[in-house]
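Residue numbers (this note's numbering), protein chains in the order written: chain R, 351 to 601; chain C, 351 to 601; chain F, 351 to 601.
Cβ atoms here follow ideal geometry from the backbone N, Cα and C, with glycine treated the same way.
Step one of this worksheet: look at the structure below.
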Amino acid sequence: MNQIHPSAYVSSNATLGEGVEIGPFCVVHDNVVLADRVSVGAYCELGVTGPNSASSNQLLSIGADSLIRSHSIFYAGSSFGESLTTGHRVTVREGTKAGKGFQIGTSTEIQGDCTVGDYVRFQSNIFVGKSTEIGNYVWVLPYVILTNDPTPPSNVLIGCIIEDYATLCAGSIILPGIVVGTHAVVAAGACVTKNVEARVVVAGNPARTRGEAKDIMLRDGSARAAYPWTRHFSRGYPDTVVANWEKSKGE
Amino acid sequence: MNQIHPSAYVSSNATLGEGVEIGPFCVVHDNVVLADRVSVGAYCELGVTGPNSASSNQLLSIGADSLIRSHSIFYAGSSFGESLTTGHRVTVREGTKAGKGFQIGTSTEIQGDCTVGDYVRFQSNIFVGKSTEIGNYVWVLPYVILTNDPTPPSNVLIGCIIEDYATLCAGSIILPGIVVGTHAVVAAGACVTKNVEARVVVAGNPARTRGEAKDIMLRDGSARAAYPWTRHFSRGYPDTVVANWEKSKGE
Amino acid sequence: MNQIHPSAYVSSNATLGEGVEIGPFCVVHDNVVLADRVSVGAYCELGVTGPNSASSNQLLSIGADSLIRSHSIFYAGSSFGESLTTGHRVTVREGTKAGKGFQIGTSTEIQGDCTVGDYVRFQSNIFVGKSTEIGNYVWVLPYVILTNDPTPPSNVLIGCIIEDYATLCAGSIILPGIVVGTHAVVAAGACVTKNVEARVVVAGNPARTRGEAKDIMLRDGSARAAYPWTRHFSRGYPDTVVANWEKSKGE
Numbered sequence: 351m352n353q354i355h356p357s358a359y360v361s362s363n364a365t366l367g368e369g370v371e372i373g374p375f376c377v378v379h380d381n382v383v384l385a386d387r388v389s390v391g392a393y394c395e396l397g398v399t400g401p402n403s404a405s406s407n408q409l410l411s412i413g414a415d416s417l418i419r420s421h422s423i424f425y426a427g428s429s430f431g432e433s434l435t436t437g438h439r440v441t442v443r444e445g446t447k448a449g450k451g452f453q454i455g456t457s458t459e460i461q462g463d464c465t466v467g468d469y470v471r472f473q474s475n476i477f478v479g480k481s482t483e484i485g486n487y488v489w490v491l492p493y494v495i496l497t498n499d500p501t502p503p504s505n506v507l508i509g510c511i512i513e514d515y516a517t518l519c520a521g522s523i524i525l526p527g528i529v530v531g532t533h534a535v536v537a538a539g540a541c542v543t544k545n546v547e548a549r550v551v552v553a554g555n556p557a558r559t560r561g562e563a564k565d566i567m568l569r570d571g572s573a574r575a576a577y578p579w580t581r582h583f584s585r586g587y588p589d590t591v592v593a594n595w596e597k598s599k600g601e
Numbered sequence: 351m352n353q354i355h356p357s358a359y360v361s362s363n364a365t366l367g368e369g370v371e372i373g374p375f376c377v378v379h380d381n382v383v384l385a386d387r388v389s390v391g392a393y394c395e396l397g398v399t400g401p402n403s404a405s406s407n408q409l410l411s412i413g414a415d416s417l418i419r420s421h422s423i424f425y426a427g428s429s430f431g432e433s434l435t436t437g438h439r440v441t442v443r444e445g446t447k448a449g450k451g452f453q454i455g456t457s458t459e460i461q462g463d464c465t466v467g468d469y470v471r472f473q474s475n476i477f478v479g480k481s482t483e484i485g486n487y488v489w490v491l492p493y494v495i496l497t498n499d500p501t502p503p504s505n506v507l508i509g510c511i512i513e514d515y516a517t518l519c520a521g522s523i524i525l526p527g528i529v530v531g532t533h534a535v536v537a538a539g540a541c542v543t544k545n546v547e548a549r550v551v552v553a554g555n556p557a558r559t560r561g562e563a564k565d566i567m568l569r570d571g572s573a574r575a576a577y578p579w580t581r582h583f584s585r586g587y588p589d590t591v592v593a594n595w596e597k598s599k600g601e
Numbered sequence: 351m352n353q354i355h356p357s358a359y360v361s362s363n364a365t366l367g368e369g370v371e372i373g374p375f376c377v378v379h380d381n382v383v384l385a386d387r388v389s390v391g392a393y394c395e396l397g398v399t400g401p402n403s404a405s406s407n408q409l410l411s412i413g414a415d416s417l418i419r420s421h422s423i424f425y426a427g428s429s430f431g432e433s434l435t436t437g438h439r440v441t442v443r444e445g446t447k448a449g450k451g452f453q454i455g456t457s458t459e460i461q462g463d464c465t466v467g468d469y470v471r472f473q474s475n476i477f478v479g480k481s482t483e484i485g486n487y488v489w490v491l492p493y494v495i496l497t498n499d500p501t502p503p504s505n506v507l508i509g510c511i512i513e514d515y516a517t518l519c520a521g522s523i524i525l526p527g528i529v530v531g532t533h534a535v536v537a538a539g540a541c542v543t544k545n546v547e548a549r550v551v552v553a554g555n556p557a558r559t560r561g562e563a564k565d566i567m568l569r570d571g572s573a574r575a576a577y578p579w580t581r582h583f584s585r586g587y588p589d590t591v592v593a594n595w596e597k598s599k600g601e
């Protein structure tokens, strides 16, 4: 049985699964599909379309067991796998397709036409320009900016590509079209102007390669390498995923 | 005929033109003037005043054919020309005066007492300190910070001045009182501590001049210069504006 | 007598003092304690708990004479002294304990388990990671990032420590566990990777010590030192506080 707060406006054309919760003062438009056990916080608007939107006839599809926290905005024309979890005030424009277990932090904005793999974790206040491609198990820390126009303003739009298991640390800026390789680490505050090879660390403005990620030690006194992080960090991932990491030694 | 959502609170002292739309859960206070065909999304509060506000008897004036997207906040005591377009969660404090065709991206904050020329485009999550002066046709990309106190905290307040056609790229920081010259380009991640001459490019932290903007090529394989951008980019500008650029060769 | 807007939902289990104001479309949950003369703007949600929150039985306590501006979110399990003042869209997670006269700017996010002293001023869009410790009379300018995981992702969490009277300027990034000493100044755009001694200025990426704070002059033509700022700046502080600064020569 669904719980719709009496102050919410939910279109009769929206499709709701079982056990859906919609909080106070929400607006759910036509063409929204919420799978079973999706929970939506207060003041959210789902299925937005508008004058600059080509998505008015397209679905917004949210997978089962998802949690969308308050004040978030999702446009029509995007789809998310099961177990999406968002912070507050998230904005997702049209045309984004994300896999399972996607976490999006408070105030993060995804500008549209992006692809996001499985179990990706975006923290707070990240900006993801149109046409960005994000692999699986990627981590993006607060205030990272993923750009797409190499000479603004122009009609050239080249999204960044962030490969599996990469970590983009707080406040880093990734220039248009940059490829960040698998298991690479972009340090806090880095301004990345060249492609980043797999398994290296880059830092600085402009960012330069500072060494191999595997040479960074965990700061817990254990004398273990911090990267690949899959060897020591598993919080929140499904057992099957972690078992695979262990089989492959997390690489 | 106006469309006011039944859940919205609109003061009887507000002045509404023809064809105005007010979305769900909006609050429109006294002294708000919305010209014809202004559309306001959900959860917006217009005409805010408060204990720190000197603007309680002043108007908030929004020009015709404007679109204010959801969760935005405009204080009393500011005015905007026709065709204002905002993203979501915009905040504009009192005392700002902006020209025609102003675009303000999602989560951008304008702190008040600013002047903004015609056809200025602010993208997402920009911070504009009090007393900033922005010319015409300026572009500001995501997460740019325009500061105003040279030795915080102090009672000295020196706003930045951004001249016509300048481009401030993503994540750049402009220090108090800096003048960025016409057609100049501030690169992504630059921390600008000295005035920027017209038509140059600056980059780095601290930012240094790296050359002439005209020497940067478009990344579309066309062998054309990217700057002045008015020679190749006209999306969304009125025909009369573009015709003037062509006459003057865009400079 | 309290003024609760008719559209607000206020739990009968919440505790409200005298002269409390609750704005339109607010949600006030159980276990919220608002002292006398607390004013809450529109669209605020107070006392949030959730699946990732350990605070469901804990109080959210807001001191007397506080102003919480619109669209703000406070979780259960935090407490604030008298005269809290926030901008719009502030987010405070559980487990934070703050003193008197705390100011939090628009869109700032405090992730929880933080301690904040008396008369601290956070400006707009600041990110404060879990377990940060902030002293008294600290200033944090817009878009500062206070991090806590030295090798993300990991289970190591080392909050930053910002000592009394320190100033963190716009867009600076403080790496995990960094201690910024009393009366120190972190320049705009600095990426701070090492502890900052008391009374020095650091700048750059990575940040380096550039000299003594006392050698920076006010930009008002007065030939006075800008730091310690307590010698020339007192706006908004109680008379008793300012008298103490004068007695101790502001140090």
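- prompt: How many Å lie between Ser-474/F and Leu-491/F at the Cα?
  reply: Counted from its first residue, the third sequence places residue 474/F at position 124. Counted from its first residue, the third sequence places residue 491/F at position 141. About 7 angstroms.
task: Could you tell me which uninterrupted beta strand (DSSP E) segments, each at least 3 residues in length, are contained entirely in the stretch 411-471 of chain R, listed from first to last along the chain?
output: If only uninterrupted beta strand (DSSP E) runs of at least 3 residues are considered, those enclosed by the stretch 411-471 of chain R are 423-425, 428-430.
task: Could you name the residues of the stretch 508-542 of chain R whose beta carbon sits closer than 7 angstroms to any beta carbon of chain F, in the order they occur along the chain?
output: Thr-517, Cys-519, Ala-520, Gly-521, Ala-538, Gly-539
field: For Val-542/R, the nearest candidate out of Gly-571/R, Ala-516/R, Arg-558/R (CA to CA)
entry: As a first step, residue 542/R is located in the first sequence; it is residue number 192 there, counting from the start. Of Gly-571/R, Ala-516/R, Arg-558/R, the residue nearest in Cα terms is Arg-558/R.
field: Selection from Met-351/F, Pro-502/F, Ser-572/F that minimises the alpha carbon distance to Cys-519/R
entry: One-based indexing of the first sequence puts residue 519/R at position 169. Nearest option by C-alpha distance: Pro-502/F.
8 angstroms Cβ cut-off: residues of chain C touching Ile-423/R: Here the question's residue 423/R lines up with position 73 in the first sequence. By Cβ distance, chain C contributes Ser-420, His-421, His-438.
- prompt: Since Thr-497/F and Ala-576/R are thought to touch, with beta carbons under 8 angstroms apart, how far apart are those beta carbons, to the nearest angstrom?
  reply: Position 147 of the third sequence, counted from the start, is the residue given in the question as residue 497/F. Position 226 of the first sequence, counted from the start, is the residue given in the question as residue 576/R. The C-beta separation of Thr-497/F from Ala-576/R comes to about 15 angstroms, leaving the pair out of contact by the 8 angstroms criterion.
- prompt: Are Thr-456/R and Arg-439/R touching if we call contact CB-CB under 9 angstroms?
  reply: As a working note, residue 456/R is residue 106 in the first sequence. As a working note, residue 439/R is residue 89 in the first sequence. It is a contact, given that the beta carbons lie within the stated cut-off.
- prompt: Near Val-506/C, which residues of its chain fall below 7 angstroms by C-beta distance, leaving aside the five closest residues on each side in sequence?
  reply: As a working mapping, residue 506/C is identified with position 156 in the second sequence. Counting only Cβ-Cβ distances below 7 angstroms, and skipping sequence neighbours, we find Asp-499, Pro-500.
task: Given a cut-off of 9 angstroms, decide if Asn-555/F and Val-529/F are closer than it, judged by their beta-carbon atoms.
output: The residue you call residue 529/F lines up with position 179 of the third sequence. The residue you call residue 555/F lines up with position 205 of the third sequence. At least 9 angstroms separates the beta-carbon of Val-529/F from that of Asn-555/F.
query: Who are the Cβ neighbours of Asp-514/F in its own chain at under 8 angstroms, not counting the five residues just before and after it?
result: Counting from 1 along the third sequence, the entry for residue 514/F is found at position 164. Excluding residues within five positions, the ones whose Cβ falls inside 8 angstroms are Gly-467, Gly-485, Asn-486, Tyr-487, Val-488, Thr-532, His-533.
task: Please report the Cβ distance between Ala-426/C and Thr-399/C, rounded to the nearest whole angstrom; I am assuming they are in contact, meaning their Cβ atoms lie under 8 angstroms.
output: Residue 426/C sits at position 76 when you count from the first residue of the second sequence. Residue 399/C sits at position 49 when you count from the first residue of the second sequence. Going by Cβ atoms, the distance from Ala-426/C to Thr-399/C rounds to 5 angstroms, so yes, they are a contact pair.
field: For Val-490/R, the three-state DSSP class (helix, strand or coil)
entry: Mapped onto the first sequence, residue 490/R falls at position 140. If DSSP states are grouped into helix, strand and coil, Val-490/R belongs with the strands.
message: For the beta strand (DSSP E) containing Glu-562/F, name the first residue and the last one.
response: In the third sequence, counting from the first residue as 1, residue 562/F sits at position 212. That run of the beta strand (DSSP E) goes 558-562.
query: Hey, how far is the Cα of Val-536/C from the Cα of Glu-562/C?
result: The residue given as residue 536/C occupies position 186 in the second sequence. The residue given as residue 562/C occupies position 212 in the second sequence. Distance between the alpha carbons of Val-536/C and Glu-562/C is about 11 angstroms.
field: Contact with chain F by Tyr-577/R, beta-carbon distance below 9 angstroms
entry: Working through the first sequence from its first residue, we reach residue 577/R at position 227. Yes, because at least one Cβ of chain F sits closer than 9 angstroms to the Cβ of Tyr-577/R.
Inter-residue Cα distance where the pair is Phe-477/F and Ile-495/F: The count along the third sequence starts at 1 and reaches residue 477/F at position 127. The count along the third sequence starts at 1 and reaches residue 495/F at position 145. Cα to Cα, Phe-477/F sits roughly 5 angstroms from Ile-495/F.
field: Candidates Ile-508/C, Ser-389/C, Val-550/C, Ser-357/C, of which the one nearest Leu-366/C by Cα
entry: To locate residue 366/C, count along the second sequence from 1; it is residue 16. For Leu-366/C, the nearest C-alpha among the options comes from Ser-389/C.
query: Mind checking whether Val-378/F and Gly-397/F have CB atoms under 9 angstroms apart?
result: Along the third sequence, one-based indexing puts residue 378/F at 28. Along the third sequence, one-based indexing puts residue 397/F at 47. Result yes, Cβ atoms of Val-378/F and Gly-397/F sit closer than 9 angstroms.
query: In whole angstroms, what separates the C-alpha of Gly-521/C from that of Tyr-493/C?
result: For the purposes of this step, residue 521/C is taken as residue 171 along the second sequence, with counting starting at 1. For the purposes of this step, residue 493/C is taken as residue 143 along the second sequence, with counting starting at 1. Cα-Cα distance, rounded: 5 angstroms.
message: Quick test of the definition: if touching needs 3 or more C-beta pairs under 8 angstroms, does the stretch 409-417 of chain F touch the stretch 428-442 of chain F?
response: yes
query: Expressed to the nearest angstrom, what Euclidean distance is found between the alpha-carbon atoms of Gln-408/F and Asn-352/R?
result: Against the third sequence, residue 408/F aligns to sequence position 58. Against the first sequence, residue 352/R aligns to sequence position 2. One C-alpha to the other measures close to 28 angstroms.
- request: Could you tell me the boundaries of the beta strand (DSSP E) in which Glu-395/F lies?
  value: Here residue 395/F is taken as the residue at index 45 of the third sequence, counted from 1. 395-398 is the span of the beta strand (DSSP E), which, as asked, contains Glu-395/F.
- prompt: Thinking C-alpha only, which one of Lys-597/F, Ile-508/F, Arg-585/F, Thr-590/F is nearest Arg-471/F?
  reply: As a position in the third sequence, residue 471/F is number 121, starting the count at 1. Nearest C-alpha to Arg-471/F: Arg-585/F.
- prompt: Hey, how far is the Cα of Arg-574/F from the Cα of Met-567/F?
  reply: For this step, residue 574/F is matched to residue 224 along the third sequence. For this step, residue 567/F is matched to residue 217 along the third sequence. So the alpha carbons of these two residues sit roughly 6 angstroms apart.
message: Here's a check: name, in chain order, each residue in its chain whose Cβ is nearer than 8 angstroms to the Cβ of Lys-564/C, leaving out the five neighbours to either side.
response: Here the question's residue 564/C lines up with position 214 in the second sequence. The answer, listed in chain order, is Arg-549, Ala-575, Tyr-577, Pro-578.
- prompt: Alpha carbon to alpha carbon, what distance is there between Ala-553/F and Thr-482/F?
  reply: Translated into positions along the third sequence, residue 482/F becomes position 132. Translated into positions along the third sequence, residue 553/F becomes position 203. Distance between the alpha carbons of Thr-482/F and Ala-553/F is about 21 angstroms.
query: Mind checking Ala-593/F: buried by the 16 CB within 10 Å criterion, or exposed?
result: Along the third sequence, read from residue 1 onward, the residue named residue 593/F stands at position 243. Flag for Ala-593/F reads exposed.
task: Could you tell me whether the Cβ of Met-351/C comes closer than 9 angstroms to any Cβ of chain R?
output: What you label residue 351/C is simply residue 1 of the second sequence in a count that begins at 1. Answer no: the Cβ-Cβ gap between Met-351/C and chain R never drops below 9 angstroms.
- request: Using a Cβ-Cβ cut-off of 9 angstroms, state whether Asp-499/R counts as contacting chain C.
  value: Start at 1 with the first residue of the first sequence, and residue 499/R comes out as number 149. Taking Cβ atoms only, chain C reaches closer than 9 angstroms to Asp-499/R, which makes this a yes.
message: Can you tell me where the alpha helix (DSSP H) holding Ala-593/R begins and where it ends?
response: Locating residue 593/R in the first sequence gives position 243, counting from the first residue. Note, Ala-593/R: alpha helix (DSSP H), 589-597.
field: Presumed contact (8 angstroms Cβ cut-off) between Ser-420/F and Glu-395/C, rounded CB distance
entry: Stepping through the third sequence from its first residue, residue 420/F is reached at position 70. Stepping through the second sequence from its first residue, residue 395/C is reached at position 45. Distance from Ser-420/F to Glu-395/C at the Cβ level is roughly 6 angstroms; contact confirmed, criterion being Cβ atoms closer than 8 angstroms.
- prompt: Should Ser-572/F and Ser-357/R be called a contact, given that it needs their Cβ atoms to be closer than 9 angstroms?
  reply: Residue numbering aside, residue 572/F sits at position 222 when the third sequence is read from its first letter. Residue numbering aside, residue 357/R sits at position 7 when the first sequence is read from its first letter. It is not a contact, given that the beta carbons lie outside the stated cut-off.
message: I need the straight-line Cα distance from Tyr-469/C to Thr-590/C, nearest angstrom please.
response: Along the second sequence, one-based indexing puts residue 469/C at 119. Along the second sequence, one-based indexing puts residue 590/C at 240. Each residue's alpha carbon lies about 12 angstroms from the other.
task: Can you tell me which of the three DSSP states Thr-580/R falls into?
output: As a working mapping, residue 580/R is identified with position 230 in the first sequence. In this structure, Thr-580/R counts as helix in the three-state DSSP scheme.
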